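S.K.: Quick note: the working numbering has the sequence shown finishing at residue 329, numbered continuously throughout. Please find one structure pasted underneath; my questions will follow.
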Amino acid sequence: MIKENVQKILAELPEGVKLVAAAKTRTAAEVKQAIEAGVKIIGENYVQEAEQIVKELGKSAKFHFIGHLQKNKVKKAVEIFDLIETVDSYKLAREIDRRCEQIGKVMPIFIEINSGQEGQKFGVLPQEVENLVKQISMLKNIKIMGLMTMGPLTNFRPCFKTTKKLFDKINVPGIEMKYLSMGMSGSYKIAIEEGANLVRLGTKLFGRREYD
Ligand SMILES: *Cc1c(COP(=O)(O)O)cnc(C)c1O
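Here's what the structure looks like:
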């Protein structure tokens, strides 16, 4: 089933739109099937879960961190992940920078936008994004490459629009906004219409989760 789901989605996504397989709660065997079917990027919400998967599968795909990153998990996260999609504060960015410096790595990141402004716990508010990008752009071991948003569970189109506008508007020296990560199983079609070039799908690929 996973294989068919992945192939169907890959065939369906317009050119230029990349797929992240959101793999929270999935086993290494399930993730392996997705990779064998053509998934190139795995998204993980938990550092420990990702560590286990990488241990079992090796680095047979790129790994994106898509959960909420706690400061005490940054050290491990920068070792495992190829990109962190959910940076929403200078404090977190500085810790990523510090830990990357220690291991001689430059971490690509996205800034997470709180595009719904209410009911969402994480992400930086739209009006504060440009300033945050400016601050983070000074850190040597971080490379900002795009924006990410979760958006609300319903009525997400306006939030995707807001995020796309920011994506187009941000103009900070040395920063090239390349990726716009928006859309999940229930919203990816609309996200693509609104300009996403990276979609994060879990349920659509792996089936329903038993728990979150
Ligand atoms: C779980 C998750 C997804 C995928 O959600 P589905 O509805 O299962 O497609 C995407 N992004 C993030 C950040 C997630 O935590």
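Ideal Cβ placement from N, Cα and C applies to all residues, glycine included. Just so you know, these numbers come straight off a predicted model, no measurement behind them.
1. Using a Cβ-based criterion (distance less than 6 Å to any ligand heavy atom), does Ile183 qualify as near ligand 1?
2. Please classify Thr326 as buried or exposed, where buried requires at least 16 neighbouring CB atoms within 10 angstroms.
3. Does the contact criterion of 3 or more C-beta pairs under 8 Å hold for the segment 161–168 versus the segment 207–218?
4. Can you say whether Gly291 is buried or exposed, counting buried as having 16 or more other CB atoms within 10 angstroms of its CB?
5. Put Pro275 into one of helix, strand or coil per three-state DSSP.
6. Would you kindly check if the distance between the Cβ of Ile230 and the Cβ of Thr330 is under 7 Å?
7. Express the C-alpha separation of Lys278 and Asn162 in angstroms, rounding to a whole number.
8. Give me the Cα-Cα distance between Ile228 and Ala146, rounded to the nearest whole angstrom.
9. Just the C-alpha distance for Thr142 and Lys172, rounded to the nearest angstrom, thanks.
10. Return the residue from the list Gly268, Lys260, Gln252 that minimises the CA-CA distance to Ser302.
11. Would you mind working out which of Leu249, Ala154, Lys257 sits nearest Lys222, comparing C-alpha positions?
12. Which residue from Met262, Ala139, Ala151, Ile152 puts its Cα closest to that of Val289?
13. For Val90, which of helix, strand or coil comes out of DSSP?
14. Quick one: give me the first and last residue of the alpha helix (DSSP H) that Lys172 is part of.
15. Could you say which of Ile287, Lys260, Leu318 lies nearest to Ser298 if we only look at CA atoms?
16. For Pro225, which three-state DSSP category applies?
17. Roughly how many angstroms lie between the CA atoms of Arg224 and Leu200, to the nearest whole one?
18. Say the cut is 6 Å; is the CB of Ser304 nearer than that to a heavy atom of ligand 1?
19. Reducing DSSP to helix, strand and coil, say where Thr144 ends up.
M.R.: Looking at the coordinates:
1. Taking the first residue of the sequence shown as 1, we reach residue 183 at position 66. Checking every heavy atom of ligand 1 against the Cβ of Ile183, one is found closer than 6 Å.
2. As a position in the sequence shown, residue 326 is number 209, starting the count at 1. One point to set straight first is that residue 326 is Arg, not Thr, in the sequence displayed. Classification of Arg326: exposed, given that the 10 Å Cβ count is below 16.
3. no
4. Stepping through the sequence shown from its first residue, residue 291 is reached at position 174. Flag for Gly291 reads exposed.
5. The residue given as residue 275 occupies position 158 in the sequence shown. For Pro275, the three-state secondary structure derived from DSSP is helix.
6. Residue numbering for the chain in the displayed model covers 118 to 329; residue 330 lies beyond these limits and cannot be assessed.
7. As a working note, residue 162 is residue 45 in the sequence shown. As a working note, residue 278 is residue 161 in the sequence shown. Answer to the nearest angstrom: the Cα atoms are 25 Å apart.
8. On the sequence shown, position 111 is the one that residue 228 refers to. On the sequence shown, position 29 is the one that residue 146 refers to. Straight-line spacing of the CA atoms in Ile228 and Ala146 works out to 31 Å.
9. Within the sequence shown, residue 142 is the residue found at index 25, counting from 1. Within the sequence shown, residue 172 is the residue found at index 55, counting from 1. Their backbone Cα atoms lie some 16 Å apart in a straight line.
10. Here the question's residue 302 lines up with position 185 in the sequence shown. If we check each option's Cα against that of Ser302, Gly268 comes out closest.
11. Here residue 222 refers to the residue found at position 105 when the sequence shown is read from its first residue. Comparing Cα-Cα distances from Lys222 to each of Leu249, Ala154, Lys257, the minimum goes to Lys257.
12. As a working mapping, residue 289 is identified with position 172 in the sequence shown. Of Met262, Ala139, Ala151, Ile152, the residue nearest in Cα terms is Met262.
13. Since the displayed the chain opens at 118 and closes at 329, residue 90 lies outside it and no answer follows.
14. In the sequence shown, the residue the question calls residue 172 occupies position 55. From DSSP, the alpha helix (DSSP H) with Lys172 extends over 164–174.
15. On the sequence shown, position 181 is the one that residue 298 refers to. Among Ile287, Lys260, Leu318, the Cα nearest to that of Ser298 is on Leu318.
16. Counting from 1 along the sequence shown, the entry for residue 225 is found at position 108. Correct three-state label for Pro225: strand.
17. As a position in the sequence shown, residue 224 is number 107, starting the count at 1. As a position in the sequence shown, residue 200 is number 83, starting the count at 1. Note that residue 224 corresponds to Met in the displayed sequence, not to Arg. Cα to Cα, Met224 sits roughly 6 Å from Leu200.
18. Here residue 304 refers to the residue found at position 187 of the sequence shown. For ligand 1, not one heavy atom lies less than 6 Å from the Cβ of Ser304.
19. Indexing the sequence shown from 1 puts residue 144 at position 27. Looking at Thr144 - three-state DSSP - the assignment turns out to be coil, as it is neither helix nor strand.
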